[in-house]
Amino acid sequence: AIRPFAIGRKAWLFSDTPKGATASAQIYSLVETAKLNGQEPYTWLRHVLERLPHAASVEDYEALLPWNCSPEMPR
Numbered sequence: 002a003i004r005p006f007a008i009g010r011k012a013w014l015f016s017d018t019p020k021g022a023t024a025s026a027q028i029y030s031l032v033e034t035a036k037l038n039g040q041e042p043y044t045w046l047r048h049v050l051e052r053l054p055h056a057a058s059v060e061d062y063e064a065l066l067p068w069n070c071s072p073e074m075p076r
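2 is the number of the first residue of the sequence shown in this note's numbering; add one for each residue after it.
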């Protein structure tokens, strides 16, 4: 969809540094990927941030990807 990108484009004008712009783009990408995979972005991101400190293997990280979580209840 073009609309979220067009709205974000105005907000991105306020990124003060290249690193800030990169961080904004990464968050935008994660949120849009979650949406495309049927996730509610806030719920999914909260789920990931709660479990990320405990991830110890590649499998743990892969389990947190939006396409590996069910839309109803993130794993």
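Note that the Cβ used here is the ideal one computed from N, Cα and C, for glycine as well.
Helix, strand or coil for residue i? Go by DSSP, reduced to three states.
i	result
Asp61	helix
Arg76	Only weak support is given to the placement of Arg76: the predicted model assigns it a pLDDT of 48, under 50, and the question is left unresolved by the model.
Ala24	helix
Asp66	Just to set this straight, residue 66 is Leu in the shown sequence, not Asp. Note: Leu66 maps to coil in three-state DSSP.
Ser16	coil
Ser153	For residue 153 there is no data in the structure shown, the boundaries of the chain being 2 and 76.
On the DSSP letters alone, give me the boundaries of the alpha helix (DSSP H) that residue i sits inside.
i	result
Gln40	Neither: Gln40 is in no alpha helix (DSSP H) and is coded neither H nor E.
Quick one: using the 10 Å Cβ neighbour count with 16 as the cut-off for buried, is residue i buried or exposed?
i	result
Pro19	exposed
His55	exposed
Leaving out the 5 sequence neighbours to the left and right, which residues in its chain are closer than 6 Å to residue i when beta-carbon positions are compared?
i	result
Thr34	Pro67
In chain order, what residues of the same chain lie with their CB nearer than 8 Å to the CB of residue i, ignoring the 5 residues before and after it?
i	result
Leu46	Leu31, Val32, Ala35
Below 7 Å CB to CB, which residues in the same chain sit around residue i once its five sequence neighbours on both sides are set aside?
i	result
Asp61	none
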